[in-house]
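Participant: Here the numbering used here is used: the sequence shown runs in plain steps of one and ends on residue 220.
Where is the CB? At the ideal position from N, CA and C, for every residue including glycine.
Here the structure is a predicted model, which means the values were calculated and not measured.
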Amino acid sequence: MGKFLHVLMRRQNGAKTRSREKRITQNDAPKNIPPAGVYQAVSQNFKMDLPPGTLQTDIDQMVFKSDWTLNPQWEVRLLGVKTKRGWEYVFRHRGTGKEYDEVDLLRYRHSWADMSEKQRQERLAKGTSPYLGGGGGIRRG
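Put into structure tokens, the structure is as follows:
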């Protein structure tokens, strides 16, 4: 019967596939806890678990889609550091190698919420953002 199912139920070329991997969030505990300071590969089926209505900063818009799932050109890795919220994640761009820590993104998200709408629009238009992880400041480009 198995051979005939292949003939009867052919896969269409344009059919969309969904990942069978479980969607993980930053709150999920890792299967294998890495030593402190060591990176561990994580499933790319990642979604940020944030309260509804959380504003996406300019950096969040680069790293995540509007539904807080990871953009395809970014990858997420687990850093073996336990925090109050769960585990420390690092988001890395596959092409440029630019990295953002989850903690830095969280801090910036709070400052983004305190900005006026005009300031947010200026930031988005200029493409400027604070240099995260390096003691603050503004970095262009």
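Which whole runs of the beta strand (DSSP E) in the region 147 to 184 are 3 residues long or more, in chain order?
Facilitator: 153 to 161, 166 to 172, 178 to 180
Participant: My assumption, with CB atoms under 8 Å, is that Ala192 sits in contact with Leu129. Please give the rounded CB distance.
Facilitator: To locate residue 192, count along the sequence shown from 1; it is residue 113. To locate residue 129, count along the sequence shown from 1; it is residue 50. So it is not a contact: roughly 12 Å between Cβ atoms.
Participant: If you draw a straight line from the C-alpha of Gly182 to the C-alpha of Val155, how long is it?
Facilitator: Here residue 182 corresponds to residue number 103 of the sequence shown, with the count starting at 1. Here residue 155 corresponds to residue number 76 of the sequence shown, with the count starting at 1. Here the sequence assigns Val to residue 182, which means Gly is not the residue at that position. In a straight line, the C-alpha of Val182 is about 14 Å away from that of Val155.
Participant: With a Cβ-Cβ cutoff of 7 Å, do Val169 and Leu158 count as a contact?
Facilitator: Start at 1 with the first residue of the sequence shown, and residue 169 comes out as number 90. Start at 1 with the first residue of the sequence shown, and residue 158 comes out as number 79. Yes, the Cβ-Cβ distance between Val169 and Leu158 is below 7 Å.
Participant: Restricting to Cα atoms, I'd like to know which of Ser190, Glu196, Trp153, Lys197 is closest to Gly176.
Facilitator: Position 97 of the sequence shown, counted from the first residue, corresponds to residue 176. Measuring from the Cα of Gly176, the nearest candidate turns out to be Trp153.
Participant: Could you please give the first and the last residue of the uninterrupted beta strand (DSSP E) stretch that includes Gln119?
Facilitator: As a working note, residue 119 is residue 40 in the sequence shown. Counting along the chain, the beta strand (DSSP E) containing Gln119 begins and ends at 118 to 120.
Participant: According to DSSP, is Lys110 part of a helix, a strand, or is it coil?
Facilitator: Position 31 of the sequence shown, counted from the first residue, corresponds to residue 110. DSSP places Lys110 in coil when its eight states are reduced to three.
Participant: In terms of residue numbering, what span does the alpha helix (DSSP H) encompassing Asp137 cover?
Facilitator: Walking along the sequence shown from the start, residue 137 turns up at place 58. It spans 137 to 142 - the alpha helix (DSSP H) in which Asp137 sits, taken as one unbroken run.
Participant: Rounded to whole angstroms, how far is the Cβ of Tyr187 from the Cβ of Ile138, which I believe are closer than 8 Å?
Facilitator: Along the sequence shown, one-based indexing puts residue 187 at 108. Along the sequence shown, one-based indexing puts residue 138 at 59. Taking 8 Å as the upper bound for CB-CB distance, Tyr187 and Ile138 are in contact here, some 6 Å apart.
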